[in-house]
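A short worksheet on the structure shown next.
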Amino acid sequence: LQNTQTSSPSSVLTVGVFDPLHVGHVYHFQACRKLADTLIVAVTKNGYVHKGANRPYFDERERAAVVRALAIVDDVILVESSIEALALIKPLYFCIGNEYRHKVRDEDASYCRVHGIKIVFSNEKTYSSTKLVNELLRQD
Numbered sequence: 003l004q005n006t007q008t009s010s011p012s013s014v015l016t017v018g019v020f021d022p023l024h025v026g027h028v029y030h031f032q033a034c035r036k037l038a039d040t041l042i043v044a045v046t047k048n049g050y051v052h053k054g055a056n057r058p059y060f061d062e063r064e065r066a067a068v069v070r071a072l073a074i075v076d077d078v079i080l081v082e083s084s085i086e087a088l089a090l091i092k093p094l095y096f097c098i099g100n101e102y103r104h105k106v107r108d109e110d111a112s113y114c115r116v117h118g119i120k121i122v123f124s125n126e127k128t129y130s131s132t133k134l135v136n137e138l139l140r141q142d
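Heads up: the sequence shown begins at 3 in our numbering, then just goes up one per residue.
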């Protein structure tokens with residue numbers, strides 16, 4: 003994994019757990035990439051995932067490796083929080099899934115406002131990794 007310290011003038015950042023990675027994430031990455039020349043994906047470290055018991059299922063390095071394997075992704079970093087990713091990358095855009103439109107953390111919104119980072123919501127079909135995992139566990 004590379005640890006990007008600076009971003010290109012036209013960069014977009016997105017943050018998530020990606021456990022497991024699914025087609026909804028790919029659609030989101032595609033929408034994000036349309037905004038800028040460089041797509042940086044921040045993967046949440048294991049100890050900072052709060053998705054319930056037995057999560058994350060995949061280790062942070064495995065999740066990052068799968069995201070990194072996608073040609074559309076330019077770089078992947080491991081972070082504890084979205085604010086850490088924003089401060090590290092300082093992107094032009096912070097792209098968030100539409101399902102979080104009314105759930106943007108105040109700390110993230112404030113940081114973006116102060117640093118001139120535009121928050122953009124992708125409007126792609128939404129899937130839920132948590133729902134998917136829970137449904138699979140119920141079938142066992």
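Even for Gly, the Cβ is constructed at its ideal location relative to N, Cα and C. Just so we're clear, the structure is a prediction, and the values are computed from it rather than from any experiment.
Three-pair Cβ contact test at 8 angstroms for the stretch 105 to 116 versus the stretch 21 to 31: Here the stretch 105 to 116 makes no contact with the stretch 21 to 31; the two share fewer than three CB pairs at distances below 8 angstroms.
Of the residues Val122, Cys114, Asn136, which one's Cα is nearest the Cα of His30? Val122
Would DSSP call Thr132 helix, strand or coil? helix
Nearest-angstrom Cα separation, counted from Lys47 out to Ile82: As written in the sequence, residue 82 is Glu, which differs from the Ile given in the question. Between Glu82 and Lys47, the C-alpha separation is close to 6 angstroms.
Top-ranked residue by Cα proximity to Leu41, from Glu137, Ile79, Cys114, Val19: Ile79 is the residue among Glu137, Ile79, Cys114, Val19 whose C-alpha sits nearest the C-alpha of Leu41.
Report yes if the C-beta distance between Val14 and Ala33 is below 7 angstroms; otherwise report no. no
In the stretch 10 to 98, which residue ranges form an unbroken beta strand (DSSP E) of at least 3 residues, counting only runs that do not cross its ends? 13 to 18, 40 to 46, 77 to 81
Determine the contact status of Val17 and Ser112, defining contact as a CB-CB distance below 7 angstroms. no
Spatial neighbours of Arg65 within its chain, please: CB distance less than 6 angstroms, with the 5 preceding and 5 following residues excluded, ordered by chain position. Phe20, Asp21, Val45
Across which residues does DSSP place Val116 in a beta bridge pair? Val116 is not bridged to any residue.
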